[in-house]
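Engineer: One structure follows; several queries about it will come next.
Protein chains: 2
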Amino acid sequence: MWGSVAPEASRRLLLAAVDSFAELGYHGTSTRHIAAGAGMSAGALYVHYKTKADLLFQIALTVHRSVLATLREAVATGSAPPARVRALMYAFSSWHATHYKAARVIQNEMAALGPEHAAEIAVFRRETRELVLSEVRAGAASGDFDVADLAATARALSSLAIDVCRWYRPEGPRTPDEIGALNAHLAMRVLGAAAP
Amino acid sequence: MWGSVAPEASRRLLLAAVDSFAELGYHGTSTRHIAAGAGMSAGALYVHYKTKADLLFQIALTVHRSVLATLREAVATGSAPPARVRALMYAFSSWHATHYKAARVIQNEMAALGPEHAAEIAVFRRETRELVLSEVRAGAASGDFDVADLAATARALSSLAIDVCRWYRPEGPRTPDEIGALNAHLAMRVLGAAAP
DNA sequence: GTCTATACGTAGATAGAC
DNA sequence: GTCTATCTACGTATAGAC
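As they're listed, the protein sequences go chains A and B.
All letters in the first sequence, in the order written, are residues 1 to 196 by the UniProt record's numbering.
All letters in the second sequence, in the order written, are residues 1 to 196 by the UniProt record's numbering.
Dropping the structure here:
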């Protein structure tokens, strides 16, 4: 996910910021702390990022792009709605385990973005919602799913997948793979799909 | 929920803090802002609360007590596991809509608590988890539910209910009552309970 | 209990040497 | 590009008048 961030010093700062924002929050993190986490002095940060807010925005951009690309790849692997939604929920959930720190930042700290940055990020979030919704709708239309409230059910699936980043710990008993598989299974139940 | 907070000036400060913590986060909120929200000057806050951290802790105590009491009342209304879990999910979800600001504070800002305060609050959170888990376990034991992974399924139900506070808006299309009913329905599906 | 004034620390951000 | 030093503003918290 971070491969596109260059040069290396910029990436180190970004990763240190993700760690700190995830743990202490944006407002609870000082630029000095970020710089120290990247092995630099306080002033060096401003060579790579204009402001602390800009740093958050670059993180938000990178992470949202990664999620959306992951979900789009996932649905493309299936053809029938149940297979597509299983793949979607597996990818959505396991991504939120694997990248739980980055996910926490984009879930918890987006209120700290300024209005222009927030508007730009909102586009990604809308597209993600639309993607999930359209997959649920397709399965309802085909008769594979039994869904009373399309929007609310799609949101429930997203809640399930996203919330993973809030409780997942690498030392915990379940792997990202297992979490993805379990949530894919629960999604089929939520959607009233026939048991396979 | 706030009736126990007296005198009135203390309650005004607490409510102003909840509003601001929910919107801007604990570290993003200044004591001046809280005091202004309660219609007071900056210094007056310290007559009612020892520190800003103490204010957060009082909020956390009050809100966690309210959630737990709500859930305990809810399960007591039913006898068979499906009815009990339906009541639980209805109460859990609608509470998180009705009290979405208070819920956001206890979901997003608990990392700002000091170690001793955090330990005290962790007791409430553990009890809430245990309550949900024990209800799921009872239904699995009775044969009403079909659950492969008790802990993970119980957590999924909690995710569904708690996440309501993160997206709910009073101007939105669904009432807390409707949200509670929908999540209760989805919970039955997640648990593999026979359709009523 | 509330106000104004203030002490003190730390935050974000910049300047200039290397 | 990185460092140290520094500017300036704002944060929490306290003191003392009313």
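Using N, Cα and C, we set each Cβ at its ideal position, and we do this for glycine too.
Check Phe124/A in the structure and name its three-state DSSP category.
Structural biologist: If you number the first sequence from 1, residue 124/A lands on position 124. Here Phe124/A sits in helix by DSSP.
Engineer: Return the chain-ordered list of same chain residues with a C-beta closer than 7 Å to the C-beta of Leu68/A, the five sequence neighbours on each side being excluded.
Structural biologist: Position 68 of the first sequence, counted from the first residue, corresponds to residue 68/A. Contacts found: Phe124, Glu127, Thr128.
Engineer: Output, in sequence order along the chain, the residues in the UniProt domain "HTH tetR-type" (7-67) of chain A whose CB is closer than 9 Å to any CB in chain B.
Structural biologist: Glu23, Leu24, Gly25, Tyr26, His27, Gly28, Thr29
Engineer: Who are the neighbours of Arg155/B on chain A, taking C-beta pairs under 8 Å?
Structural biologist: Residue numbering aside, residue 155/B sits at position 155 when the second sequence is read from its first letter. The answer, in chain order, is Trp167.
Engineer: Is the beta carbon of Ala154/A less than 7 Å from the beta carbon of Leu186/A?
Structural biologist: By one-based count along the first sequence, residue 154/A stands at place 154. By one-based count along the first sequence, residue 186/A stands at place 186. No.
Engineer: Does the beta-carbon distance from Trp95/B to Thr70/B come in below 7 Å?
Structural biologist: The residue labelled residue 95/B in the question sits at position 95 within the second sequence. The residue labelled residue 70/B in the question sits at position 70 within the second sequence. Yes.
Engineer: Three or more C-beta pairs under 8 Å: does that hold for the region 150-170 of chain A against the region 80-97 of chain A?
Structural biologist: yes
Engineer: Report the residue from Pro7/A, Ala97/A, Gly37/A whose alpha carbon sits nearest the alpha carbon of Gly180/A.
Structural biologist: Stepping through the first sequence from its first residue, residue 180/A is reached at position 180. Comparing Cα positions, the closest option is Ala97/A.
Engineer: Within 10 angstroms of the Cβ of Gly43/A, are there 16 or more other Cβ atoms? Answer buried if so, exposed if not.
Structural biologist: On the first sequence, residue 43/A is found 43 positions in, with the first residue counted as 1. Under this definition Gly43/A is an exposed residue.
Engineer: Along chain B, in chain order, which residues have C-beta atoms closer than 7 Å to that of Asp177/A?
Structural biologist: Along the first sequence, one-based indexing puts residue 177/A at 177. Proximity of chain B to Asp177/A at the Cβ level (cut-off 7 Å) is not reached, the minimal Cβ distance being about 13 Å.
Engineer: Pairing CB atoms from the region 134-143 of chain A with CB atoms from the region 170-178 of chain B, are three or more of them under 8 Å?
Structural biologist: no
Engineer: Report the three-state DSSP secondary structure of Met89/A (helix, strand or coil).
Structural biologist: Within the first sequence, numbered from 1, the residue matching residue 89/A stands at position 89. If DSSP states are grouped into helix, strand and coil, Met89/A belongs with the helices.
Engineer: Use the C-beta contact count for residue 197/A: other C-beta atoms within 10 angstroms, 16 or more gives buried, fewer gives exposed.
Structural biologist: With chain A represented from 1 up to 196, any question about residue 197/A goes unanswered, as that position is not in the structure.
Engineer: Measuring alpha carbon to alpha carbon, tell me which of Leu14/B, Val63/B, Gly3/B ends up nearest Tyr46/B.
Structural biologist: As a working note, residue 46/B is residue 46 in the second sequence. The residue with the shortest Cα to Cα distance from Tyr46/B is Leu14/B.
Engineer: Which same chain residues end up closer than 7 Å to Gln32/B when comparing Cβ atoms and leaving out the 5 residues on each side of it in sequence?
Structural biologist: Residue 32/B sits at position 32 when you count from the first residue of the second sequence. The question names Gln, yet the displayed sequence has Arg at residue 32/B. Around Arg32/B: Ala42.
Engineer: Taking only beta-carbon atoms, is Gly93/A less than 7 Å away from chain B?
Structural biologist: The count along the first sequence starts at 1 and reaches residue 93/A at position 93. The question names Gly, but residue 93/A in the sequence shown is Ser. For Ser93/A, the nearest beta carbon of chain B is not closer than 7 Å to its own beta carbon.
Engineer: In this structure, does DSSP put Val147/A in helix, strand or coil?
Structural biologist: In the first sequence, residue 147/A corresponds to position 147, counting from 1. DSSP places Val147/A in coil when its eight states are reduced to three.
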